[in-house]
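Numbering (my numbering), first residue to last: 4 to 487.
Glycine included, C-beta positions come from ideal geometry on N, C-alpha and C.
Heads up, the thing below is written out as C-alpha cells.
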Amino acid sequence: MTIKDLKPALVWSIFDQINQVPRPSKKEDKIREWLVKFAQDHNLEYKVDAIGNVAIFRPAAPGLEHVKQVVLQGHMDMVAEKNKESNHNFDTDPIRTIVEGEWLRADGTTLGADDGMGMAGALAAMIDPELKVGPLEAFFTVDEETGLTGASNVGEGMLSGDYLLNLDSEDDGVITMSCAGGVDTIAEFDFKSEAAPAGLEWFEVKFAKMQGGHSGTDICLERGAATKLLCRLLWEVGQKVDFELATIDAGNLRNAIAHDAEAIIGVRPADKEALAVAFNTTSADLKDEYAVAEPTMEITCQSVDAPCCVIEKKVAQAVINTVFVAQHGVVSVSLLIPHFTETSTNLASIKVKDNVIEVVTSQRSAIESRKFDIAHRIEQTFKLGGARVRHTDGYQGWAPKANNHILDIAIREWKNLYGVEPTVEAIHAGLECGLFLKVCPNMDMISYGPTLRDVHSPKERVHIPAVQKFWDFTVAILKAVAAE
Ligand SMILES: [Zn+2]
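Quick look at the structure:
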C-alpha cells in the first residue's frame with residue numbers, strides 16, 4: 004500500500020504532488036511557482052501579492068453565480084525537521100511517504116501534512132469536476148510557521164468572500180471558532196558587575212524536573228513557572244538573610260512555561276543557618292502547594308565555589324522583587340465558553356546577557372483590548388522596578404462571533420454526515436484567522452482539518468480515514484452554502 008492507493012484519490016494525489024516540491028518556511032519560491040502552474044494548467048485565475056501569498060479563483064457553476072464566495076485557506080510553508088540519521092535536504096528533496104496501518108508518515112522527516120493536507124483539500128475543491136457550487140477562492144499564505152508574515156501582509160484584493168474555511172487544524176471532529184492574539188513584553192535591567200565580596204559562602208539554588216509546557220494551551224493547568232518560583236524563594240530568603248546574587252538563569256523559550264531555574268547566591272558564614280531554615284521552609288511550602296501540578300519538582304540548595312563577580316545589589320533585588328510580584332498564569336476565563344482561558348500571561352525567562360538582565364514575558368488573549376491591558380500591566384510592573392520595557396508587534400486574536408453563520412452550517416453538516424455533534428472549540432493559541440480580520444473584518448470563519456499527530460517533528464503523521472471525512476465535510480459545507 005502506498006499513497007497512490009489512498010482515497011479520496013484526488014486529495015491524496017494533490018498532496019503527493021505538493022510533497023514533491025520543497026517548501027520550508029521562508030523558502031516558498033518553488034511551491035509558489037507550482038501553485039501558479041496549477042492555476043494555469045486548470046485555466047483558473049490567480050493572484051500573487053508582494054509578500055508571496057497566492058490566491059486562486061474558481062468561478063461559480065452555471066446558475067450559482069449569486070451564491071456567497073467561500074475561501075478555502077491554508078499555508079504553503081512547512082516545518083523542516085528530520086531525524087539525526089536522515090540525509091534529507093529540505094531545499095531540494097521531495098518528501099518520501101510511508102503508509103503504516105491507518106497512518107501516513109514520512110521517511111525520517113516532517114510529513115508536511117501541516118499544512119499540505121489543507122492545501123490539497125482546497126486545491127481539490129478548485130478542480131473537482133463533480134463539485135457544482137458557488138464561487139470559490141483558494142488562498143495560501145507564506146511563512147505561517149516562523150512569523151505569520153504572509154497572514155500579516157495580505158495584499159489588496161487577495162482575500163474576498165463571505166466565508167473562510169481555515170484548513171490548518173489537527174483534530175477530526177473539532178471545529179475551531181476563536182483563537183488568541185499574542186504579544187511579548189520584554190524587560191531589561193542594566194547592572195554593574197562588582198567583584199564578589201571575600202569571605203562569603205556560596206550556594207546554587209536550583210529548580211529542576213518541572214513540567215513546563217506550551218504557554219498558551221497549557222497555561223490553565225496551574226503548573227509552576229520556574230522563573231516565578233525561584234524569585235519567590237529568593238524573596239522569602241531575602242526577608243531573613245542578606246545575600247549577594249552572582250547569577251540568575253531561568254526558562255528558555257518565550258512560548259514555553261519555564262521548567263528550570265537556578266541562581267548562585269552568597270551569604271556571610273554567620274547567616275548560613277538562617278539561609279538553611281528560610282530555604283527549607285519555603286521549598287517545603289512550594290512542594291506542598293505544587294504536589295499535584297508538579298509532582299516531580301526538585302528544589303535544591305548546594306554549596307558551590309566562589310564566583311568572581313556579583314550583580315549590583317539594588318538591581319539584583321529589583322529583578323527578584325518585580326518577578327515576585329509580576330502576574331503569571333490565567334488572567335481571565337471566558338464566560339461564553341466553559342473552561343476556556345480568555346487571557347493569560349507567561350513569565351518565560353530570566354537571562355543575564357553582558358550587563359543586562361532580560362526578563363521575557365508573553366501575553367495572550369482572545370480579546371485584543373485585554374491582551375494589551377495585561378501587557379501594559381506587566382510593562383508597568385517592571386517599570387516600577389526600574390527596567391526598560393518594550394513590546395513586540397504581536398498578532399491579533401480571533402474573538403468568538405455571536406452570529407457565525409458558517410459555523411452554524413458546519414455544525415449542522417457534521418451532524419448530518421456523522422450523526423454526532425462536532426466539538427466546537429476556542430483555542431488559547433495562535434491561528435492565521437485573527438490576522439485576516441484586519442483585511443476582512445466581517446468574514447465568518449471556522450478552522451478544521453484531518454487528524455494529525457506530532458506535527459513539527461519527524462514523527463508527524465496523518466490519520467488516513469480522517470482525510471476522507473475531512474473531504475466529505477468540506478464538500479458538504481460548500482454544497483450547503485450553494486443551497487442557501
Ligand atoms: Zn499549520
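Could you give the C-beta distance for residue i and residue j, rounded to a whole number, given that I count them as a contact under 8 Å?
{"i": "G216", "j": "A321", "result": "Not a contact, Cβ separation roughly 29 Å."}
{"i": "A128", "j": "L162", "result": "Going by Cβ atoms, the distance from A128 to L162 rounds to 16 Å, so no, they are not a contact pair."}
{"i": "F143", "j": "L38", "result": "6 Å"}
{"i": "S337", "j": "F343", "result": "4 Å"}
{"i": "K482", "j": "V136", "result": "6 Å"}
{"i": "E428", "j": "V177", "result": "6 Å"}
{"i": "I409", "j": "Y166", "result": "4 Å"}
{"i": "N539", "j": "G111", "result": "Absent from the model: residue 539. The displayed extent of the chain is 4 to 487, so no value can be given."}
Can the beta-carbon of residue i be found closer than 9 Å to that of residue j?
{"i": "S286", "j": "E204", "result": "no"}
{"i": "A264", "j": "K212", "result": "no"}
{"i": "A123", "j": "F41", "result": "no"}
{"i": "P195", "j": "L248", "result": "Looking at the sequence shown, residue 195 is not Pro but Lys. In this structure, L248 does not lie closer than 9 Å to K195 by Cβ."}
{"i": "T188", "j": "S365", "result": "yes"}
{"i": "I360", "j": "E191", "result": "yes"}
{"i": "M489", "j": "V51", "result": "Residue 489 cannot be examined here, being either before or after the span of the chain that is shown, 4 to 487."}
{"i": "A402", "j": "A369", "result": "yes"}
{"i": "T100", "j": "I6", "result": "yes"}
{"i": "M2", "j": "G452", "result": "Outside the displayed span of the chain (4 to 487) sits residue 2, for which this structure offers no information."}
{"i": "S16", "j": "V145", "result": "no"}
{"i": "S347", "j": "V333", "result": "yes"}
{"i": "I98", "j": "G115", "result": "yes"}
{"i": "A259", "j": "I430", "result": "no"}
{"i": "V280", "j": "D245", "result": "no"}
{"i": "I467", "j": "A413", "result": "no"}
{"i": "D193", "j": "N324", "result": "no"}
For residue i, count the other beta carbons within 10 Å of its own beta carbon; 16 or more makes it buried, fewer makes it exposed. Which is it?
{"i": "S372", "result": "exposed"}
{"i": "Q399", "result": "buried"}
{"i": "P298", "result": "exposed"}
{"i": "F169", "result": "The question names Phe, but residue 169 in the sequence shown is Asn. N169 is buried by the Cβ-count criterion."}
{"i": "E225", "result": "exposed"}
{"i": "V326", "result": "buried"}
{"i": "M4", "result": "exposed"}
{"i": "G202", "result": "exposed"}
{"i": "D396", "result": "exposed"}
{"i": "A109", "result": "buried"}
{"i": "L237", "result": "buried"}
{"i": "E463", "result": "buried"}
{"i": "E444", "result": "Note that residue 444 is Pro in the sequence shown, not Glu. Burial call: exposed."}
{"i": "V295", "result": "exposed"}
{"i": "H262", "result": "buried"}
{"i": "L434", "result": "buried"}
{"i": "R235", "result": "buried"}
{"i": "A141", "result": "buried"}
{"i": "V484", "result": "buried"}
{"i": "L339", "result": "exposed"}
{"i": "R393", "result": "exposed"}
For residue i, which beta-bridge partners are listed by DSSP?
{"i": "H217", "result": "A259"}
{"i": "G184", "result": "S368"}
{"i": "M161", "result": "DSSP output for M161 lists no bridge partner at all."}
{"i": "F60", "result": "E48 and E140"}
{"i": "S155", "result": "Beta-bridge pairing links S155 to no other residue."}
{"i": "H394", "result": "T188"}
{"i": "I377", "result": "Bridge partners of I377: none, in fact."}
If I follow the unbroken alpha helix (DSSP H) through residue i, where does it start and stop?
{"i": "I409", "result": "H408 to Y421"}
{"i": "V484", "result": "I467 to A485"}
{"i": "M120", "result": "A116 to I130"}
{"i": "N349", "result": "Looking at the DSSP string, N349 is not in any alpha helix (DSSP H); the run it does join, the beta strand (DSSP E), is T344 to K356."}
{"i": "E424", "result": "First-last for E424: undefined, no H or E at that position."}
{"i": "V333", "result": "Unbroken run through V333 is the beta strand (DSSP E), G332 to V336; no alpha helix (DSSP H)."}
{"i": "S16", "result": "A12 to I21"}
Note the first and the last residue of the continuous beta strand (DSSP E) segment covering residue i.
{"i": "C304", "result": "E301 to V307"}
{"i": "A41", "result": "A small correction: the amino acid at residue 41 is Phe; Ala does not occupy that position in the sequence shown. Not the beta strand (DSSP E): F41 falls in the alpha helix (DSSP H), residues D32 to D44."}
{"i": "K404", "result": "Segment: none, K404 is in no beta strand (DSSP E) and carries neither H nor E."}
{"i": "Q76", "result": "V73 to H78"}
{"i": "C312", "result": "C312 to I314"}
{"i": "L139", "result": "L139 to T144"}
{"i": "A294", "result": "It is not in any beta strand (DSSP E) - A294 carries neither H nor E in the DSSP assignment."}
{"i": "L107", "result": "W106 to A109"}
{"i": "F490", "result": "This structure does not reach residue 490, given that the chain is present from 4 up to 487, and the question cannot be answered."}
{"i": "G241", "result": "Not the beta strand (DSSP E): G241 falls in the alpha helix (DSSP H), residues A229 to K243."}
{"i": "M448", "result": "D447 to S450"}
{"i": "L168", "result": "Y166 to N169"}
{"i": "K209", "result": "E204 to A211"}
{"i": "V270", "result": "A264 to V270"}
{"i": "L248", "result": "E247 to A253"}
{"i": "I101", "result": "T100 to E103"}
{"i": "S196", "result": "S196 to A198"}
CB of residue i to nearest heavy atom of ligand 2: below 8 Å?
{"i": "D118", "result": "With respect to ligand 2, the structure offers nothing, as its ligand set consists of ligand 1."}
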